[in-house]
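In what follows, a single structure is set out as structure tokens and then discussed.
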Amino acid sequence: FPTRRSSDLYVSFSLDKYDVLKVKTGMPAVITTASGELEGVVSFISPVASSGGGLDLSSLAGSLTGAGTSSSIPAKVKINNPDASVIIGVDVDVSIQTDEAKGATLIPLESLLVEEGKKYVFVYHEAEETVTKKEVETGLVSDTMYQITSGVSAGEQIVKNPSKTLADGARVTIQEEGENVSSSQKN
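According to my numbering, the sequence shown is numbered sequentially starting from 1.
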């Protein structure tokens, strides 16, 4: 939530032991209030951890979660040009982009299967109306997407939310849901 120090406004939040390695002072941040977005900059990261939870942080290409940890690191973002939408003491959301991959192949989180430490997706073959289970490697992750670094290519159709009973080589039918594609097995 926002606090005031002299004429500047700051958002106080907490980082966990993993996120503190990714976030640095001077990084740009986006503060989302009930009425819109404001720009800010990470202005402080404590050198001392404290016990307690923290605010969940998210970004386009990296997901940071500060909540639910046994210890956290206090941090602050200075709001560059605060307006009337910022009310001291009211919760806001903070997003800090910690990494970026331009031109990356992305898949929805729910498309990825993990079995015995390996990651898989089901690729749909339109001509045969079948799916193939393919091992993939992932890179960056956000709240909704995984970056795929190998195993499938942009343009291949994948099963968005495969059932646990879907098997390699299974015949399937496609159900269109806007841009989302799901599948179900044929009997």
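Backbone N, C-alpha and C define an ideal beta-carbon position, used for all residues, glycine too.
Next item on the list: Since I believe isoleucine 88 is in contact with leucine 38 (beta carbons under 8 Å), could you give me their beta-carbon distance rounded to a whole number of angstroms?
Entry: Rounded to whole angstroms, the Cβ separation of leucine 38 and isoleucine 88 is 14 Å, and the two are not in contact under 8 Å.
Check: What residues match up with methionine 27 in a beta bridge as DSSP calls it?
Finding: Its beta-bridge partners do not exist; DSSP assigns none.
Next item on the list: Check whether the stretch 41-48 touches the stretch 108-115, taking contact to mean three or more Cβ pairs, one atom from each stretch, closer than 8 Å.
Entry: Contact between the stretch 41-48 and the stretch 108-115 is absent: fewer than 3 CB-CB pairs across the two stretches fall below 8 Å.
Next item on the list: Consult DSSP for arginine 171 and reduce its assignment to one of helix, strand or coil.
Entry: Here arginine 171 sits in strand by DSSP.
Next item on the list: Work out the CA separation of lysine 102 and serine 58 for me, nearest whole Å.
Entry: Its pLDDT being 38, under 50, serine 58 is placed unreliably in this model, and the value from its coordinates should be taken loosely. Spanning the alpha carbons of serine 58 and lysine 102 requires a straight line of approximately 18 Å.
Check: Which of helix, strand or coil does DSSP assign to valine 152?
Finding: Valine 152: coil per DSSP, three-state reduction.
Note to self: Using a Cβ-Cβ cutoff of less than 8 Å, which residues in the same chain neighbour threonine 132 once the five nearest sequence positions on both sides are dropped?
What the structure shows: Closer than 8 Å at the Cβ level, and outside the excluded window around threonine 132, lie Phe122, Val123, His125, Asp168, Gly169.
Next item on the list: Go ahead and pull the three-state DSSP assignment for glutamate 191.
Entry: The requested residue 191 is not part of the displayed model; the chain covers only 1 to 187.
Next item on the list: Kindly indicate which three-state DSSP category glutamate 115 falls into: helix, strand or coil?
Entry: Looking at glutamate 115 - three-state DSSP - the assignment turns out to be strand.
Next item on the list: Measure the Cβ-Cβ separation of alanine 104 and glutamine 147 and say whether it is below 7 Å.
Entry: Yes, the Cβ-Cβ distance between alanine 104 and glutamine 147 is below 7 Å.
Next item on the list: Can you check the stretch 66-107 for any beta strand (DSSP E) of at least 3 residues that lies completely inside it and give the ranges in chain order?
Entry: You should have 71-79, 93-95.
Item checked: Where the beta strand (DSSP E) through leucine 38 begins and ends -> Segment 36-45, the beta strand (DSSP E) holding leucine 38.
Next item on the list: Using the DSSP secondary-structure output, state which residues sit across from threonine 130 in a beta bridge.
Entry: In DSSP, threonine 130 forms a bridge with His125, Arg171.
Note to self: Going by C-alpha to C-alpha distance, which of Ile107, Leu166, Ser150, Ser14 sits closest to glutamate 135?
What the structure shows: Comparing Cα positions, the closest option is Ser150.
Check: When burial is assigned at 16 or more other CB atoms within 10 Å of the CB, is alanine 34 buried or exposed?
Finding: Exposed, by the Cβ-count rule.
Item checked: Sequence-distant residues of the same chain with beta carbon closer than 6 Å to lysine 76, five excluded per side -> For lysine 76, where only same-chain residues beyond five positions count, the Cβ hits under 6 Å are Tyr10, Ser12, Ser43, Phe44.
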